[in-house]
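Numbered as in UniProt numbering, the sequence shown ends at 849 without a single skipped number.
Notes for the one structure printed next.
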Amino acid sequence: MPIKPGNETENMEITFSDEDLPYEEEILRNPYSVKHWLRYIDHKKAAPNNGVNIIFERALKELPGSYKLWYNYLRTRRNQIKSKCITDPGYEEVNNAFERSLVFMHKMPRIWMDYCTFLTDQCKITRTRKVFDRALRALPVTQHNRIWPLYLKFVQKHDIPETAVRVFRRYMKLCPENAEEFIDYLTGIERLDEAAQLMAKIVNDEGFVSQQGKSKHQLWNELCELISKNPEKVHSLNVDAIIRGGLRRYTDQLGHLWNSLANYYVRSGLFERARDIYEEAIQTVTTVRDFTQVFDAYAQFEELSLSKRMEEVANKSSPTEDDDTELELRLARYEYLMERRLLLLNSVLLRQNPHNVQEWHKRVQLYEGKPVDIINTYTEAVQTVDPKLAVGKLHTLWVDFAKFYETNGQIEDARLIFEKASQVSYVKVDDLATVWCEWAEMEIRNENYDEALRLMHKATVMPSRKVAYHDDTETVQSRLYKSLKVWSMYADLEESFGTFKSCKAIYDKIIDLKIATPQIIINYGIFLEENNYFEEAFRAYEKGISLFKWPNVYDIWNTYLTKFLTRYGGSKLERARDLFEQCLDGCPQQFAKHLYLLYAKLEEEHGMARHAMAVYERSTKAVPEQEMFDVFNIYIKRAAEIYGIPKTRQIYEKAIELLPEDKTREMCLRFADMETKLGEIDRARAIYAHCSQICDPRITAEFWQIWKEFEVRHGNEDTMREMLRIKRSVQAVYNTQVNMMSAQMLSSAGSMSGTVADLAPGVKDGMRLLEAKAVEMAGTSQLAKPGGIMFVRGETQGANKDKVVNPDEIDIDSEESEAEEEEVPVEKQNVPSEVFGSLKKQGEEDDDD
Numbered sequence: 001m002p003i004k005p006g007n008e009t010e011n012m013e014i015t016f017s018d019e020d021l022p023y024e025e026e027i028l029r030n031p032y033s034v035k036h037w038l039r040y041i042d043h044k045k046a047a048p049n050n051g052v053n054i055i056f057e058r059a060l061k062e063l064p065g066s067y068k069l070w071y072n073y074l075r076t077r078r079n080q081i082k083s084k085c086i087t088d089p090g091y092e093e094v095n096n097a098f099e100r101s102l103v104f105m106h107k108m109p110r111i112w113m114d115y116c117t118f119l120t121d122q123c124k125i126t127r128t129r130k131v132f133d134r135a136l137r138a139l140p141v142t143q144h145n146r147i148w149p150l151y152l153k154f155v156q157k158h159d160i161p162e163t164a165v166r167v168f169r170r171y172m173k174l175c176p177e178n179a180e181e182f183i184d185y186l187t188g189i190e191r192l193d194e195a196a197q198l199m200a201k202i203v204n205d206e207g208f209v210s211q212q213g214k215s216k217h218q219l220w221n222e223l224c225e226l227i228s229k230n231p232e233k234v235h236s237l238n239v240d241a242i243i244r245g246g247l248r249r250y251t252d253q254l255g256h257l258w259n260s261l262a263n264y265y266v267r268s269g270l271f272e273r274a275r276d277i278y279e280e281a282i283q284t285v286t287t288v289r290d291f292t293q294v295f296d297a298y299a300q301f302e303e304l305s306l307s308k309r310m311e312e313v314a315n316k317s318s319p320t321e322d323d324d325t326e327l328e329l330r331l332a333r334y335e336y337l338m339e340r341r342l343l344l345l346n347s348v349l350l351r352q353n354p355h356n357v358q359e360w361h362k363r364v365q366l367y368e369g370k371p372v373d374i375i376n377t378y379t380e381a382v383q384t385v386d387p388k389l390a391v392g393k394l395h396t397l398w399v400d401f402a403k404f405y406e407t408n409g410q411i412e413d414a415r416l417i418f419e420k421a422s423q424v425s426y427v428k429v430d431d432l433a434t435v436w437c438e439w440a441e442m443e444i445r446n447e448n449y450d451e452a453l454r455l456m457h458k459a460t461v462m463p464s465r466k467v468a469y470h471d472d473t474e475t476v477q478s479r480l481y482k483s484l485k486v487w488s489m490y491a492d493l494e495e496s497f498g499t500f501k502s503c504k505a506i507y508d509k510i511i512d513l514k515i516a517t518p519q520i521i522i523n524y525g526i527f528l529e530e531n532n533y534f535e536e537a538f539r540a541y542e543k544g545i546s547l548f549k550w551p552n553v554y555d556i557w558n559t560y561l562t563k564f565l566t567r568y569g570g571s572k573l574e575r576a577r578d579l580f581e582q583c584l585d586g587c588p589q590q591f592a593k594h595l596y597l598l599y600a601k602l603e604e605e606h607g608m609a610r611h612a613m614a615v616y617e618r619s620t621k622a623v624p625e626q627e628m629f630d631v632f633n634i635y636i637k638r639a640a641e642i643y644g645i646p647k648t649r650q651i652y653e654k655a656i657e658l659l660p661e662d663k664t665r666e667m668c669l670r671f672a673d674m675e676t677k678l679g680e681i682d683r684a685r686a687i688y689a690h691c692s693q694i695c696d697p698r699i700t701a702e703f704w705q706i707w708k709e710f711e712v713r714h715g716n717e718d719t720m721r722e723m724l725r726i727k728r729s730v731q732a733v734y735n736t737q738v739n740m741m742s743a744q745m746l747s748s749a750g751s752m753s754g755t756v757a758d759l760a761p762g763v764k765d766g767m768r769l770l771e772a773k774a775v776e777m778a779g780t781s782q783l784a785k786p787g788g789i790m791f792v793r794g795e796t797q798g799a800n801k802d803k804v805v806n807p808d809e810i811d812i813d814s815e816e817s818e819a820e821e822e823e824v825p826v827e828k829q830n831v832p833s834e835v836f837g838s839l840k841k842q843g844e845e846d847d848d849d
């Protein structure tokens with residue numbers, strides 16, 4: 001059935017199919033139900049565009065205030081013309097639909113947003129701008145934040161700078177926190193003056209927070225860069241004042257700001273003013289980084305200025321004399337700048353810390369060859385550096401200042417500097433003492449010896465009241481009288497240029513003040529000896545011994561005893577013994593060796609041999625463990641020389657008992673070797689057997705090889721077999737795996753005895769069988785064990801029926817030998833003299849026969 005709708009579809013006739021009749025009936029029954037209209041629209045979505053639009057128009061005629069119907073209708077109309085050109089009439093029809101919707105939907109921001117976006121795509125600038133303005137007027141201010149992003153995007157999309165600037169200004173009134181977006185746009189359209197003004201405003205606003213995440217310092221740098229690089233476009237701001245304000249605010253980032261200010265004047269063509277800025281910068285920056293930035297920019301500016309001028313002169317056909325003069329001036333300026341680099345850098349470091357003594361010394365070195373500048377630098381340094389804040393030794397500045405005058409032959413000026421230096425309140429007494437000593441040395445270099453002595457006497461004068469040396473509340477001048485450095489030099493000067501009496505008085509004063517060191521005592525004693533006051537020297541040593549304790553007193557004792565023995569030798573033996581006993585009483589182990597050897601030497605040369613041996617005996621217990629082996633070696637050697645080799649057996653036994661394992665092994669080898677040379681084979685074999693208990697065959701193969709060679713030379717098959725059995729036994733003790741296997745066997749087989757009969761038949765441990773068999777064969781024989789040394793005392797000692805018999809040995813106990821009563825002539829054999837030692841004279845040998 002035909003229907004004639006109004007408005008846009010008045011001239012259209014639409015026919016409905018049978019499928020539409022139920023929806024039409026529902027609408028007739030419920031014309032104001034949005035749900036029924038939307039159901040009908042959804043049914044007709046596959047129909048031609050006009051059919052859907054007619055349904056929307058009919059629904060909106062009944063329900064003009066429905067946002068859902070208007071929104072869906074406008075979206076459907078936009079989708080219908082999406083693929084068409086923007087000049088198509090359909091676009092205008094959609095625009096009309098939007099206008100009609102806004103009659104009812106003017107408070108709905110989504111409708112305005114869709115309409116503005118739709119118009120923006122049509123590139124209708126004026127109409128779009130007016131619609132945006134209408135939207136801002138129609139909507140409440142709380143919803144303007146939904147319109148402004150679209151509005152700003154629209155004005156930036158088209159080349160309408162004046163309109164865009166006006167829009168942005170309006171936007172800034174509502175959202176001033178987004179000023180960076182406006183600044184970026186102004187910079188893009190080359191309106192730098194307004195951009196600089198706005199940036200200066202936000203930089204000065206303490207409450208401004210960058211939406212782009214930039215810090216205040218970054219904003220300052222951007223402002224400085226903007227105004228410095230575009231001086232011809234920025235007219236409304238005082239560039240110099242702005243950048244200097246940044247310099248006052250950001251004192252840790254000065255290099256970039258100074259370069260920006262200088263760059264501004266360079267681009268403005270004010271080159272002299274730019275040089276002034278660079279000079280001011282390098283004279284005020286306080287960090288090396290800022291100095292490097294400014295100096296590099298300054299050097300580059302001078303270099304470019306010189307190059308540009310050289311090109312201009314080269315392009316001239318006939319350069320004038322003024323051109324050449326200007327070129328030389330610029331070249332000289334550039335070279336002067338480069339020459340000053342180290343000096344300027346030193347100035348930066350001194351501005352960081354004006355109390356840095358080392359930097360003042362470096363500054364003096366930079367002025368080498370310029371006496372006036374050096375004097376000015378020293379003068380400024382000693383006036384600037386505070387003794388309590390000084391980094392380094394302040395007194396070195398005063399000393400070097402005085403030495404500078406001395407080098408140039410101005411001794412009086414040098415004395416004046418030293419006089420002032422001696423009045424400075426240093427932190428430490430040692431600094432003041434160094435000044436006085438340097439002053440005296442200067443006088444000595446100039447051969448003013450009396451003046452040097454007078455200075456030392458003046459420095460060591462005691463104050464009027466008692467002052468403690470370590471009392472920091474007192475001045476260093478009042479505590480100087482106890483400075484060892486001053487007194488030591490005073491003593492050296494008196495020793496060199498004074499009299500014996502005056503020098504002795506100085507040393508006595510040092511001892512009375514209780515500031516002497518062991519070296520001072522030794523020097524005092526040597527001084528007295530050189531003047532033939534030997535007993536006085538020994539008394540000085542004794543004073544020093546009473547002042548110090550171990551280990552500081554060692555040097556004094558060593559010198560005292562050496563000098564005493566050199567002087568008297570054995571003439572005052574009892575006194576020397578008393579001195580040694582006093583020295584060794586409480587002597588630490590690390591110092592005992594030398595003193596005991598000195599004592600023993602005294603007894604050997606001037607005393608009795610048994611006293612010397614007693615001293616050696618005591619030394620073996622008094623020295624540290626690491627020195628014990630050396631002491632035993634000396635002990636054995638001296639005992640052999642004095643008493644003969646047999647006397648050393650007891651010493652060897654004691655050494656084996658006391659020494660650590662590695663040294664015990666070596667001592668046993670030496671002991672066995674000695675017994676072998678004496679023909680005591682059984683003794684040597686017993687020593688080897690004893691030592692074997694601490695010799696793991698896997699580690700000490702050398703020992704077993706030595707024993708094997710010994711048995712080859714002096715033993716037989718049985719002794720070799722016994723040695724191998726001992727080796728296997730020791731190896732079993734040290735072999736952890738064998739012990740573990742034995743433990744497992746014991747746990748599985750139960751308790752077992754050490755004999756072959758007690759062993760279970762299933763035991764297959766060959767080593768255990770061999771050990772059990774050896775025990776049965778040996779019977780009651782036992783090996784010597786560490787800690788209980790049972791050495792054989794001779795070949796005929798302890799007759800044992802199980803002893804291995806040498807078939808070549810003559811049995812002197814046989815019946816045949818007992819039956820012989822007649823005398824048999826005995827051949828005389830010479831015995832080595834070492835066996836008897838030095839106590840038995842050679843001439844007595846024949847008498848003993």
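From the three backbone atoms N, C-alpha and C, an ideal C-beta is built for every residue, glycine too.
Just so we're clear, the structure is a prediction, and the values are computed from it rather than from any experiment.
Under the DSSP assignment, histidine 594 falls in the alpha helix (DSSP H) whose first and last residues are 589-606. The straight-line gap separating the alpha-carbon atoms of glutamate 529 and lysine 458 is approximately 29 Å.
Glutamine 293 is classed as buried because its beta carbon has at least 16 other beta carbons within 10 Å across all chains shown. Look at asparagine 263 here: in three-state DSSP terms it is helix.
When DSSP states are grouped into helix, strand and coil, asparagine 356 belongs to the strand group. Shortest Cα-Cα distance from lysine 593 to any of Trp360, Ile521, Ser619 involves Ser619.
Contact between the stretch 372-384 and the stretch 307-320 is not established, with fewer than three Cβ pairs separated by less than 8 Å.
If you ignore the 5 residues before and after alanine 433, its C-beta comes within less than 7 Å of the C-beta of Leu480, Ser483, Lys485, Val486, all in its own chain and listed in chain order. Scanning its chain for C-beta atoms nearer than 6 Å, with the 5 sequence neighbours on each side dropped, one finds around histidine 106 the residues Ala138, in chain order. In the same chain as glutamate 451, and ignoring 5 residues on each side of it, the C-beta atoms closer than 7 Å to its own belong to Glu443, in chain order.
Per DSSP, reduced to three states, the secondary structure at valine 239 is helical. Between alanine 414 and methionine 489, the C-beta gap is not smaller than 9 Å, which leaves the two residues out of contact.
Per DSSP, the continuous alpha helix (DSSP H) segment holding asparagine 376 begins and ends at 371-384. Each residue's CA atom was taken as its position, placing valine 631 and threonine 664 some 14 Å apart.
In terms of CA proximity to glycine 213, Glu180 leads the group Lys68, Gln358, Glu180. DSSP places valine 623 in the coil class of the three-state scheme, outside both helix and strand. Just so you know, the alpha carbons of glutamate 653 and leucine 598 end up roughly 25 Å apart. In the three-state DSSP reduction, valine 285 falls in the coil class, being neither helix nor strand.
Buried is the label assigned to leucine 74, since at least 16 other Cβ atoms lie within 10 Å of its Cβ. Cβ neighbours of phenylalanine 154 within its own chain (closer than 8 Å, five residues either side excluded): Cys116, Thr120, Thr128, Arg129, Phe132. Going by DSSP, serine 478 is part of the alpha helix (DSSP H) stretching over 476-479. Between the stretch 356-368 and the stretch 319-334 there are fewer than three inter-stretch CB-CB distances shorter than 8 Å, so the stretches are not counted as touching. Spanning the alpha carbons of isoleucine 125 and alanine 196 requires a straight line of approximately 29 Å. For valine 391, the pairing in a beta bridge is given by DSSP as Asn356.
Excluding five sequence positions before and after methionine 108, the CB atoms of its chain that fall closer than 7 Å to its own CB belong to Tyr67, given in chain order. In this structure, the CA atom of glutamine 650 is about 31 Å from the CA atom of threonine 562.
As the crow flies, the alpha-carbon of valine 357 is around 7 Å from that of leucine 397. Using a C-beta cut-off of 8 Å, the stretch 656-673 makes contact with the stretch 694-707, since at least three inter-stretch Cβ pairs fall below that distance. Residues Glu180, Leu219 of the same chain have their beta carbon placed closer than 7 Å to that of serine 210, with the five preceding and five following residues left out of the count.
Counting the other CB atoms within 10 Å of its CB gives lysine 504 a total of 16 or more, which places it among the buried residues. For tryptophan 70, the enclosing alpha helix (DSSP H) covers residues 67-80. If you check the CB distance, tyrosine 635 and tyrosine 616 come in under 9 Å. Using a C-beta cut-off of 8 Å, the stretch 263-270 makes contact with the stretch 220-230, since at least three inter-stretch Cβ pairs fall below that distance. Straight-line measurement puts the Cα of alanine 639 at about 34 Å from the Cα of lysine 727.
When secondary structure is reduced to three states using DSSP, valine 427 falls in the coil class, being assigned neither helix nor strand. Short of 6 Å from the beta carbon of tyrosine 278, and not among the five residues preceding or following it, lie these beta carbons of its own chain, in chain order: Ala262, Tyr298.
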